[in-house]
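Numbered by UniProt numbering, the letters in the sequence shown go through residues 1 to 114 in order. Even glycine gets a Cβ: it sits at the ideal position worked out from N, Cα and C. Everything below concerns the one structure shown next.
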Amino acid sequence: MPSNNVIRGTRIGSAPERFDQRTEPAPRRPVVYWCRHEHRVEFLIAAEAETPASWDCPRCGEPAGPEPGNPPGRQRAEPYKTHLAYVQERRTPEEGEALLAEALAALRRRRGRA
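Rendered as structure tokens:
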């Protein structure tokens, strides 16, 4: 049974319809960085783009710099904070008690224990 689908057998967005419509990629240049563990990190960046001061090494996660003998210092690792720690930074204990009392009152109202 024939279908009326005119794009049957093609992938939408895969390539231009005509060869002369294809575009050239933007000019790129290689950039090389080294981390403290002497890992070489190389990637391509747009020719007109500004080179970042540091880049994270994909092998060890340490920051890498453009000079092989002078990599950037180790990043200071932030300790893991729980949700409660973030809440305690934003609220005073008095505000926390008031919010808790309000939430408990709303819960008791919903359950019919006013």
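Going by C-alpha distance, which of the options is nearest residue i?
i, options, result
"V41", "V31, A47 and E48", "V31"
"A47", "A98, R29, R74 and E97", "R29"
"C60", "T92, L100, A98 and E38", "E38"
"D56", "G69, R109, A49 and G73", "G73"
Under DSSP, the beta strand (DSSP E) around residue i begins and ends at which residues?
i, result
"R29", "R28 to W34"
"E67", "Element bounds for E67: n/a, residue is neither H nor E."
"A47", "Here A47 belongs to no beta strand (DSSP E), and DSSP marks it neither H nor E."
Here's the rule: buried if 16 or more other CB atoms are within 10 angstroms of the residue's CB, otherwise exposed. What is residue i?
i, result
"Y33", "buried"
"C35", "buried"
"P58", "exposed"
"P71", "buried"
State the start and end residues of the unbroken alpha helix (DSSP H) segment that holds residue i.
i, result
"A105", "P93 to R111"
"R90", "H83 to R90"
Quiz item: With contact counted as at least three CB pairs below 8 Å, one residue from each stretch, are the stretch 81-101 and the stretch 52-66 in contact?
Solution: no
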